[in-house]
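Notes follow the structure.
Residue numbers (our numbering): 38 to 414.
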C-alpha cells in the first residue's frame, strides 16, 4: 500500500444480501485494487471470492469485457458480430420494438426482469420504459424464487418479513434448510453461523462446507423436503412441543394439519426421505423447545412442488411458537431488497456495539489505520 494511494470507502453493488463494505484503492487516478473494509461488520476486511477475483481481475481489464455494442451479422450461434456505436444500436432496438408495437401490438413484447446488480433505481427505471411501451410483464422472480414468495405469502401473509440476524445471540438452535452459506453466503458462514452460540442443524442432500461443520446434518433425498418437514412436525406434536396456545390465538387450520401428520412417524420419514429416524427425532428436539431460528434457502423451491415444500418447512416456527420473541422466527434468502436477511452480520459483534455514521472518505489518521489493516497491495 503506497502512502500516496487514495482510499475510497464504498459498498459492493452485487446482487447479494450482505451489502459488504469495500475499499477502492486508487493509484495515479485509476483503480488499483478493491479490498474488503476491515471495519465493516459483514466484510471484516474480506470480500467474497467472486468479487475479490472480479474486482481485482477481469473487471479492471478492458480487453476482457465488452466496451461497445455488438450487432449480429450472421446466424445465431455463429459468433458473427460487428462493433456498433450506441446511436446505431439504440436506433436498431427502437426500430424493431416500434415495428412489433404496431403489429401485432406491444403486448407481444415480453418483459422478463429481475433485480440483478443494478440496485433499486436501475430496476425501477427500466420498468417505466416497458410500462410506457405497453409490453407484457413476465412475473418477476419467476425463474429464481417466486414459488417461495407465494408460499410464504399464503402461510404468513408476507414473504418480506424475517428475523434480525443479531438475535442469533439469543437462539438455542439455528436450522439452515436448503441453503449453502459456504458457497453462496460466505460471510454468514465464516462469521455469523460460526459465532452463534446455539446448536447448528443443516438440512441439505449435499455435504456442503456448512453442513460438515454443523452439529447435526440431515441429508434427505432430493425433493423430499416436505416429507421430512411432516416427520419433524409429527415428533414436535407427539412430544408436546407444539405451542397450542399460540396456534389457538394466531393460526387457522392446525387441526387439519395435525390429522395429516399423525401417520408421518420418524420411521415413515426414514423410508420416505432417507434420513435416519433417530436423526429426525434429534433434530426435532433441538429445534422445538426454542428459541430457534429457521433459515430457508432458495434451492428447494426449484422443483415442481417447490412452493409446497417451502410451505411445509415454514410450518415449523408456527407450530412450535418460535415466532415473536428473541432468538426466534424464520427468514428466507428469497427476501427482496429491504427485507430482513440472515446473511447480514454477526451476533457477537453487533449485539454489543453500534456504529455511528461514517463519511465516504477517510481523514488521514483513519486512512493510516486502514492501510495497516489492508497490508501491501
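Ideal Cβ positions, reconstructed from N, Cα and C, are used throughout, including at glycine.
query: C-beta atoms of residue 368 and residue 323 nearer than 9 Å; result: no
query: Supposed contact pair residue 108 and residue 129 - C-beta distance, whole angstroms, cut 8 Å; result: 7 Å
query: Residue from 313, 362, 48 and 181 with nearest C-alpha to residue 74; result: 48
query: Whether residue 444 touches residue 143 by CB criterion (9 Å); result: The requested residue 444 is not part of the displayed model; the chain covers only 38 to 414.
query: Residues sharing a beta bridge with residue 211, DSSP; result: 237 and 330
query: Residue 126 and residue 88 closer than 9 Å at C-beta; result: no
query: Residue 345, DSSP secondary structure in three states; result: helix
query: Nearest residue (CA-CA) to residue 222, options 265, 57, 138 and 168; result: 57
query: Unbroken stretches of the beta strand (DSSP E), 3 residues or longer, contained in the stretch 244–302; result: 253–255
query: Pairwise C-alpha distance: residue 41 and residue 347; result: 53 Å
query: Classification of residue 252 by the beta-carbon crowding that lies within 10 angstroms, buried from 16 upward; result: exposed
query: Unbroken stretches of the alpha helix (DSSP H), 4 residues or longer, contained in the stretch 76–143; result: 86–92 and 123–139
query: Bounding residues of the alpha helix (DSSP H) (the contiguous stretch that carries residue 356); result: 352–357
query: Buried or exposed by the 16-neighbour rule on C-beta atoms within 10 Å, applied to residue 216; result: buried
query: Opening and closing residue of the alpha helix (DSSP H) in which residue 366 lies; result: Looking at the DSSP string, residue 366 is not in any alpha helix (DSSP H); the run it does join, the beta strand (DSSP E), is 366–369.
query: Closest by C-alpha distance to residue 45, when choosing among 151, 68, 78 and 227; result: 68
query: Sequence-distant residues of its chain with Cβ nearer than 7 Å to residue 93 (five each side left out); result: 70 and 71
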